[in-house]
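Protein chains in written order, with this note's numbering: chain A, 855 to 1076; chain B, 4 to 256. Cβ coordinates follow ideal geometry from the N, Cα and C atoms, glycine included.
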Amino acid sequence: MHVALVDYGAGNLTSVRKAFAALGAEAHVCGEPGTLACGAAVVVPGVGHFEATASLAGAWRDAVRGAIGRGQAVLGICLGLQWFFEGSEEAPEVPGLGVLPGRCVLLRPGVPEAGQPALKVPHVGWNDVWPVAADPLLDGIRPGAQAYFTHSYAAPVTAETLAVTTHGVAFASVAGRGRVWGVQFHPEKSGTVGLRVLDNFLRLAATPQRRTRGAPPRVAPR
Amino acid sequence: MLSKRIIACLDVRDGAVVKGVRFEGLRRAGDPAALARRYNAEGIDELVILDVTATLESRRALGETIRAVSAELFIPLAVGGGIRSEADAAAAIEAGADKVSLNSAALLQPALITALANRYGSQAVVVAIDARRHGGRLAVFARSGSADAGREAVEWACEAADRGAGEILLTSMDADGTRAGFDCPLTAAVSGAVPIPVIASGGAGTFDHFVAVFTEGRADAALAASVFHDRDYAVVDLKAHLTACGIPVRSVE
């Protein structure tokens, strides 16, 4: 399995590459939009400020849209997930890809209960992931399994949300539509839980038929 | 709910794990990759590799250690000790580190914090602060705790956060190596002042020391080395104790 890793200059791709290698997949760092078609799967990683996704305008944007059109499986990680939405209040002037409806917003944990310290933003560390829709990306993931997060902005909970996580407020920790998925946490840094998600993604990428989306059972998070 | 993190620190010299008592009298404790594997199996949440000598020769050995650990462990890995330039940080990150920890270099050239945050994101930049009570203040020390940096810990932590640090690794030099408990007043003072997570370090000896630093110390994460290396207790037992005390921790899958 060949995975094309989109390298648009937002951070370090070593960990993602190593995680795919551990799963027996070869992840190629693609510095040119024209090379995305070579892999069965496309991964858009990313850390830092939403402004960094401005580098994904133009040719990259067309290339990722092309990959989606061809039915390649596409996974966004962290900032990559946020870029799939229409935009983010972190950089309102930078448009997102817009394959998922809604805009990302700053986590605002609100006023803490009496005697409790305020929740910190950025949200850094291991937190629970609660699936809200049956999706093969989350096969084998126990409800409430923990994954590693590090971010200040987050995606809204919408009809495309596959799992939610709460840090003062609930946000979409996994979202998807068709053969596009996004995870707010870092699967490459989330131990066996993260590797399972990446492995599920590889399996989905290897089976090119379109997903049936019907009406998945919805389970309220605890 | 966000878990409190338990972090194991591997103090490495020339490719082998050592642990200092009050920064002196280093003694050997094992092979870094083997220890990292054991911690991962036990459910450690994160690893820090600290190059305690940081000479040019040990830096090469360090790169190999980072590569060996990051090839098989998929939890966050921070690397510190002797990172003095953007090039040093790039080498550690290229080898597989997710975060670099800056100490003396950040004090000498605070602009390095911002440069690295711009290049790799704030989540990749940890500022390590070694502090001890000195002349009625929480004094920051540089160069492995040997030189008074003329800064106050809370004020320096706030500046580091403003400049783009993603986390503070706060070591109490008074408590380090004593196993008499974390320095909760120091940790609470810093954690209450900055918007970013604070990792408490120095003084871990019992399970209840961790409970204290997560409650009165307001720490977001706690780091220890020798208590884990020496198998005084296992991470899994520590987490069971924290859970029983109502502190949220990650369970091992």
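Q.
Judging by CA-CA distance, which residue of 1040/A, 1057/A, 1062/A is the nearest neighbour of residue 872/A?
A. 1040/A
Q. Under a Cβ-count criterion, where at least 16 other Cβ atoms within 10 Å of its own Cβ denotes burial, should residue 1033/A be classed as buried or exposed?
A. buried
Q | Cβ neighbour criterion (16 or more within 10 Å) applied to residue 1012/A | A | exposed
Q: Please name the residue in 1000/A, 897/A, 1029/A whose C-alpha comes closest to that of residue 990/A.
A: 1029/A
(Q) So, for residue 236/B: in the same chain, excluding its five sequence neighbours on each side, which residues have a beta-carbon less than 8 Å away from its beta-carbon? (A) 210, 230
Q | Residue closest to residue 192/B, alpha-carbon to alpha-carbon, out of 207/B, 174/B, 183/B, 208/B | A | 174/B
Q: Counting only the same chain and skipping the five closest in sequence on each side, list residues whose C-beta sits under 8 Å from that of residue 916/A.
A: 887
Q: Answer yes if the stretch 197–207 of chain B comes into contact with the stretch 220–230 of chain B, meaning at least three C-beta pairs across the two stretches below 8 Å, and no otherwise.
A: yes
Q: Could you tell me the distance, in whole angstroms, from the CA atom of residue 131/B to the CA atom of residue 158/B?
A: 14 Å
**Q.** Short-range partners of chain A found in the stretch 197–229 of chain B, where Cβ spacing is below 8 Å
**A.** 198, 199, 200, 221, 223, 224
Q: With 7 Å as the C-beta to C-beta threshold (strictly closer), list the residues of the stretch 5–18 of chain B near chain A in chain order.
A: 5, 6, 8
Q. Considering only residues of the same chain and omitting the five flanking positions on each side of residue 1022/A, which have a CB-CB separation below 6 Å?
A. 963, 964, 973
Q.
Counting only Cβ pairs nearer than 8 Å, list the residues of chain A close to residue 73/B.
A. 868, 869, 872
**Q.** Bridge-paired residues (DSSP) for residue 1017/A
**A.** 985/A, 1028/A
Q) With distances taken between CB atoms, is the gap from residue 936/A to residue 1036/A smaller than 9 Å? A) yes
Q: Would you list the one or two residues that DSSP bridges to residue 1004/A?
A: 978/A
(Q) Please list the terminal residues of the continuous beta strand (DSSP E) segment that includes residue 52/B. (A) 49–54
Q: Kindly list the residues whose CB is nearer than 6 Å to the CB of residue 880/A, restricted to its own chain and excluding five residues on each side of it in sequence; keep chain order.
A: 856
Q) Does DSSP classify residue 866/A as helix, strand or coil? A) coil
Q) Closer than 9 Å, CB to CB, is residue 862/A near chain B or not? A) no
**Q.** Residue span of the alpha helix (DSSP H) that contains residue 924/A, given as start and end
**A.** 913–924
Q: Spatial neighbours of residue 42/B within its chain, please: CB distance less than 6 Å, with the 5 preceding and 5 following residues excluded, ordered by chain position.
A: 11
Q. So is residue 878/A buried or exposed if we call it buried at 16+ other beta carbons inside 10 Å?
A. exposed
Q. Between residue 1017/A and the rest of its own chain, which residues show a CB-CB distance below 7 Å, the 5 nearest in sequence each way excluded?
A. 983, 984, 985, 986, 992, 1027, 1028
Q) How would you label residue 88/B, buried or exposed, when you count the other beta carbons within 10 angstroms and need 16 or more for buried? A) exposed
Q. What residues in the stretch 970–990 of chain A bring their beta carbon closer than 8 Å to a beta carbon of chain B?
A. 971, 973, 974, 975, 976, 977, 978, 979, 980, 981, 982
(Q) Starting from residue 174/B, trace the beta strand (DSSP E) in both directions and tell me its first and last residue. (A) 170–175
**Q.** Under 7 Å (Cβ pairs) to chain B, residues found in the stretch 998–1010 of chain A
**A.** 999, 1000, 1002, 1004
Q.
Mapping the DSSP letters down to three states, classify residue 249/B as helix, strand or coil.
A. coil
Q.
If I follow the unbroken beta strand (DSSP E) through residue 142/B, where does it start and stop?
A. 140–145
Q) Hey, quick one: how far does the alpha helix (DSSP H) through residue 1057/A stretch, first residue to last? A) 1045–1060
Q. If you measure from the beta carbon of residue 1023/A to each beta carbon in chain B, is any gap under 9 Å?
A. no
(Q) Going by the DSSP bridge assignment, what does residue 100/B pair with across the sheet? (A) In the DSSP output, where bridge partners are listed per residue, residue 100/B has none listed.
Q: Quick one: residues in its chain with C-beta nearer than 6 Å to the C-beta of residue 1053/A, no 5 flanking neighbours on either side, listed in chain order?
A: 877
(Q) So if I threshold CB-CB distances at 7 Å, which residues from the stretch 902–915 of chain A count as touching chain B? (A) 902
Q) Could you give the distance in angstroms between the alpha-carbon of residue 988/A and the alpha-carbon of residue 1015/A? A) 11 Å
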